[in-house]
Every structure is written in structure tokens, then in C-alpha cells.
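Number of protein chains: 2
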Amino acid sequence: MTNTGNLPESQRRILDFIMHYVEQNDVPPTIREIQKGASISSTSMVSYHLKALERAQLLSRYERRSRGVVITHAGRVNPREMMNVPIVGRIVASQPAPTPDADALADAENSVQIARSMVGNAEDLYALEVQGNSMIDALINEGDIVVMSKGAEVRNGDLAAIFLTDRNESTLKRVFFEGKRLKLKPENPTMKPFYVDARNAQIQGKVLCVIRRI
Amino acid sequence: MTNTGNLPESQRRILDFIMHYVEQNDVPPTIREIQKGASISSTSMVSYHLKALERAQLLSRYERRSRGVVITHAGRVNPREMMNVPIVGRIVASQPAPTPDADALADAENSVQIARSMVGNAEDLYALEVQGNSMIDALINEGDIVVMSKGAEVRNGDLAAIFLTDRNESTLKRVFFEGKRLKLKPENPTMKPFYVDARNAQIQGKVLCVIRRI
DNA sequence: CTTGACATAGAACTAATGTTCGGTAGAATC
DNA sequence: GATTCTACCGAACATTAGTTCTATGTCAAG
């Protein structure tokens, strides 16, 4: 934890000013705006203090860039850490789970925003909305959002979307590879696992996260 | 919904470039950066297109300000739109659900990051981790994160955390007020609702969102 | 064909912006 | 007392950056 308590008063003012400024204007301030806003006597002093703040890792600067100061704080979530995950379709028991088209765009209406901290570093994410209540044994209800990774390898014990070709239905289960058969374990601990022939199961994606908006 | 489909190709490129730029740099680009990044022939053309985009309300500009272009829409995640929600405890069937201390801080280890778009404008959020599998009928499993609002009024049909004083257990159910009794409806559609005396039920918070990290 | 609205280039202009540098004052160190 | 270090000031400087202006090209309507 970086110590912010023993900062010189002026640096504290600068930090405060920048935060408020960004909040109001969506853009960091210029040196001279900081000068006025934080009552610093000269631009060189601002520069001076900014260097100090940068050393203290309380902000980072893009050299020679106008408005090139970015608060790096620690409590706030970095915008880079957010991502839009497109909801590319619905997962229905009687159909294979959709996978994203190449050009599936994360437009506003059809996406969920989640923090990267919730899903690791995966890049190839997409989300499905669950239709019908056929996923009850995965503790998933109609309307829930399932965040999936397209490319991620599914390992023993991972929750995955599986299409069972013989039954013509898709389901979300924990998967265990047992030779020529798969053990599929419902997420619901009151239910028993069951087994399918590996040839009859298409794994369609690894589930990273389930979100239920109320 | 503003129509973005019939934009000239170059304006679309500009918009895309700005969005990506902001995502990477935390700061909007300059005119000349846009020129290069979106392959526009001259700065005046950028200016020209920006005016058009502003007319179309796809962005807004601060005149004569360096990097004074801000994407206005409706789609992108604004850093302001993110929040840390502290996980203040565990919800266990046999105990009342914890509510946040005044000084419960959203430190990194014990919080979930969610987008405001997922939970509305509520400010008084906290999260609980579910312990044990006593919430199965709410389709909630051990380890799931329940995001709750402390102050939000619970209305008919809302999902809420309820402590049943006579049974000495807490539960998550949809609540319906029916005079002196409450109807509690499990989230699981295969289960029947049941009724409790209103005097034996303490409503402890409104559930906004359930998250299952896999 | 002409006209006029729209799109484009390129350059010039002014203002803003980040940086640097010489110099001062006070406190701490030797 | 000399030296050194930090905090500070003011001005100058070199770019950067937003704007504007003129000239040119395109294309459909009159």
C-alpha cells in the first residue's frame, strides 16, 4: 500500500484536483489547469510535484503528452480492467450452444460488462443468455447470463457447455474425462452425476462465470 | 438509439480509433493522432468529420481543448461506471445475513468489481459469499457471490435476503407481501412457494445480482 | 454546361502545453 | 562557515495541437 498520508499538502491538492477534474471532464487536466486548480505558483512547480507523485506511484505520466497524467490509484478500478462481453445468443437445451461469429460486436444493448479480475486474462469471451429452465441442475435459471471462453481448454472438473448429440440437447455440467466416457456432474450437489459416451458429447466452451441480474 | 450504421466509412474509423485509443491510453487522442490512427488525409478532414460526428451526437467536444473529444455513448464502459463492492461476509442459513460495517472498505482482496450497469444506481452495495448449499432453492451454490443493496426498498416480487426468526435461518427468496404474511417464492421454478408470518421475517437486504465465479 | 453542395488537401496561424534552466531561500550536513 | 539538498519562482523555449483559409475535386440537379 502506498502511503498517501505524509504527502506534502500541495501534492495532495494536486492529486485531489486531478481526480475531480477527470471525474467532471472525462479528460485529465493540463499542467496549467493543475496550476490554477490546485493553487500552485508556477508550471515548473507542477512539473516538479508531478515527478514526485510519479515516483510515489500515485500517478503515471505520458511524457510530453498534453494531458498526459493518469491517476493510477489503487482503490479505483482501472478502465483497462473492464471489458464488454457480447451476448451472442441464447443457450437452449435443445440446440447446440451458439459460439460467437467473428464479427460479433460488443454493442451496448447486447453485452455485459465485467471486470477482468472476474474472468482472468481470457480474451475470447462471449456470453449466452439462458432460455428455459432446463439448466436447473446447474443452478442456472432462465435469464441468467453465462460467460464463456471460446478457446480455453476444458480440463477435468471444469464447468463446460456440452452438446449431447444423441439426446440432441445442450447442458452445463462439470466435466470429468474418464477414458471413452465423460462423467457429467451437475452443479447442484443434491443431484447425481451421470455418464455419456465421449463420442456423443461436443464440448462447446468453458464456463467462466454465471451472472444473474435480478 | 443513435443510428451508427449509415456512417461514412471514415467516420466509423474515427469513432473506432477514438474508442480504442481511450481504452489503451486513458486519454482521448489529439486531432493529429486521429488523423494517423484512422488514416485520414489531413487534420482539417478530421475536424470536418468530428463536427459531423458531434452533430450526430456520437461524441462531444470541448472546443479548443487539446484532446477535447469524448465519446458520449451509451455503450462504452466509463471508468466511473465501475465499482468495487466489498464482500463483507458470508451468508449462512443458520445466521442472519451480515450487513456492512460503516467502515467496510472495498479492498482488493475482498471485493468484486461490477459495472454499474449491472446494478443500477445504488450506492450502498455490499456482497456476501454463500456458505453451504442451503440456498439451492434460490439456485445459488456454495461460493456464489450475492450482491445486495442495504438501503433499497424491497418491493413485491423482489429477491431479498430474509432472516426467519422462528426457524433461525436466513434464506434468499422472492418476497410478496400479503397482509400479515409473506409469500416466499424460491427462485427455483420447480419448487413451490411457502408462507411465513410477517412478524417472523426480517428483511435484510435486496438482492441485485448473483455471480458465480467458476 | 453550369451551379452548388459536399468532400478533400495542404498549409499557415494562433494558442496551448510540456519542459527546461538559471537563480533564490531556507534547512540540514559537514 | 561552506556545502548540499530540497522547495520554489519566473521566464523562455520548443513543440504540440486546434482552427481556419484557400484551392481543388466530385457529382448530381437544374
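Residue numbers (my numbering), protein chains in the order written: chain A, 25 to 238; chain B, 25 to 238.
Glycine is no exception: its CB is placed at the ideal position from the N, C-alpha and C atoms.
Notebook entry, point to check: What are the residues that DSSP puts in a beta bridge with residue 206/B?
Noted result: Position 182 of the second sequence, counted from the start, is the residue given in the question as residue 206/B. Note: residue 206/B sits in a beta bridge opposite 201/B, 220/B.
Margin query: Counting only Cβ pairs nearer than 9 Å, list the residues of chain A close to residue 232/B.
Written below: As a working mapping, residue 232/B is identified with position 208 in the second sequence. Going along chain A in sequence order, the residues near residue 232/B (Cβ under 9 Å) are 237, 238.
Next item on the list: Kindly list the residues whose CB is nearer than 6 Å to the CB of residue 215/B, restricted to its own chain and excluding five residues on each side of it in sequence; keep chain order.
Entry: Counting from one through the second sequence, the residue named residue 215/B turns up at place 191. Cβ within range, chain order: 161.
Check: By a C-beta neighbour count over all protein chains shown, 10 Å radius and 16 as the cutoff for buried, is residue 27/B buried or exposed?
Finding: In the second sequence, residue 27/B corresponds to position 3, counting from 1. Only weak support is given to the placement of residue 27/B: the predicted model assigns it a pLDDT of 39, under 50, and the value that follows is read from those uncertain coordinates. The residue in question, residue 27/B, is exposed, as its Cβ has fewer than 16 Cβ neighbours within 10 Å.
Checklist line | As assigned by DSSP and simplified to three states, the class of residue 57/A | finding: Within the first sequence, the letter at position 33 stands for residue 57/A. Helix at residue 57/A.
Notebook entry, point to check: Under three-state DSSP, which class holds residue 178/B?
Noted result: If you number the second sequence from 1, residue 178/B lands on position 154. Looking at residue 178/B - three-state DSSP - the assignment turns out to be coil, as it is neither helix nor strand.
Check: According to DSSP, what are the bridge partners of residue 173/B?
Finding: Here residue 173/B is taken as the residue at index 149 of the second sequence, counted from 1. DSSP, once it has assigned bridges, lists 149/B, 230/B as partnering residue 173/B.
Checklist line | CB contact check: residue 91/A to chain B, cutoff 7 Å | finding: Translated into the one-based positions of the first sequence, residue 91/A becomes position 67. Yes, because at least one Cβ of chain B sits closer than 7 Å to the Cβ of residue 91/A.
Next item on the list: With 7 Å as the threshold, decide whether the Cβ of residue 148/A is near any Cβ in chain B.
Entry: Taking the first sequence and counting its residues from 1, the one referred to as residue 148/A is at position 124. No, residue 148/A lies away from the interface with chain B (no Cβ there is under 7 Å from its Cβ).
Next item on the list: Following the continuous alpha helix (DSSP H) through residue 71/B, name the residue where it begins and the one where it ends.
Entry: Position 47 of the second sequence holds residue 71/B. Note, residue 71/B: alpha helix (DSSP H), 67 to 79.
Next item on the list: List the DSSP bridge partners of residue 225/B.
Entry: On the second sequence, residue 225/B is found 201 positions in, with the first residue counted as 1. Per DSSP, 188/B.
Check: For the region 37 to 69 of chain B, which residues have a beta carbon sitting closer than 9 Å to at least one beta carbon of chain A?
Finding: 46, 47, 48, 49, 50, 51, 52, 54
Next item on the list: Output yes if chain A places a C-beta closer than 7 Å to the C-beta of residue 226/B; else output no.
Entry: Taking the second sequence and counting its residues from 1, the one referred to as residue 226/B is at position 202. So no, residue 226/B is outside the interface.
Next item on the list: Answer yes or no: do residue 184/A and residue 199/A have a C-beta to C-beta separation smaller than 7 Å?
Entry: To locate residue 184/A, count along the first sequence from 1; it is residue 160. To locate residue 199/A, count along the first sequence from 1; it is residue 175. Closer than 7 Å, so yes.
Notebook entry, point to check: What in chain B is Cβ-close to residue 83/A, meaning under 7 Å?
Noted result: Residue numbering aside, residue 83/A sits at position 59 when the first sequence is read from its first letter. None at all; the shortest Cβ gap to chain B is about 11 Å.
Notebook entry, point to check: Comparing alpha-carbon positions, which option in 190/B, 168/B, 42/B lies nearest residue 115/B?
Noted result: Numbered from its first residue, the second sequence carries residue 115/B at position 91. Nearest C-alpha to residue 115/B: 168/B.
Notebook entry, point to check: Since residue 212/B meets chain A, which of its residues come closer than 7 Å, beta carbon to beta carbon?
Noted result: On the second sequence, position 188 is the one that residue 212/B refers to. Those are 160, listed as they occur along chain A.
Checklist line | Contact with chain B by residue 137/A, beta-carbon distance below 7 Å | finding: Indexing the first sequence from 1 puts residue 137/A at position 113. Closer than 7 Å: yes.
Checklist line | Cutoff 7 Å: residue 180/B Cβ touching any chain A Cβ | finding: What you label residue 180/B is simply residue 156 of the second sequence in a count that begins at 1. False, the Cβ-Cβ gap to chain A never drops below 7 Å.
Checklist line | Interface residues of chain B facing residue 74/A [CB-CB closer than 8 Å] | finding: By 1-based counting over the first sequence, the position of residue 74/A is 50. Within 8 Å Cβ-Cβ: nothing; residue 74/A doesn't reach chain B, min ~15 Å.
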